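>
So this is what it looks like as structure tokens:
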């Protein structure tokens, strides 16, 4: 599928996955904090399944891909987070590869 999409479209897909992931984590945390965790509820189960699935896909990726996808899309770190790990040019080169690798891990 990745051959048919532009880099911008692939990035948009990963951003959407990241937004959904953060919302699922937040809903799960709110439920736990309010002590209203009903593990049988469909919304809790859906959120939990989604989080586990994304984390499993992420664990199949390379170390650099995992770092970039986690920090850029899933955890949404501050804008220049990558400077602790990569030079700017290396980051942008690896980011493109990371998006493609992550999408390929999911067999989209």
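Numbering (my numbering), first residue to last: 5 to 112. Note that CB positions come from ideal geometry on N, CA and C, so glycine has one too. Owing to the predicted nature of the structure, the values given are computational and were not obtained by experimental measurement.
(1) When DSSP labels each residue in this structure, what does residue 66 get in the three-state scheme?
(2) Please list the terminal residues of the continuous alpha helix (DSSP H) segment that includes residue 96.
(3) Run through DSSP, which three-state label would residue 30 get?
(4) Would you report the Cα separation of residue 28 and residue 11, rounded to the nearest angstrom?
(5) Tell me the rounded alpha-carbon separation between residue 106 and residue 86.
(6) Using the Cα positions of residue 92 and residue 46, report the straight-line distance between them to the nearest angstrom.
(7) Please classify residue 57 as buried or exposed, where buried requires at least 16 neighbouring CB atoms within 10 angstroms.
This is what the structure holds:
(1) coil
(2) 92–109
(3) helix
(4) 26 Å
(5) 18 Å
(6) 42 Å
(7) exposed
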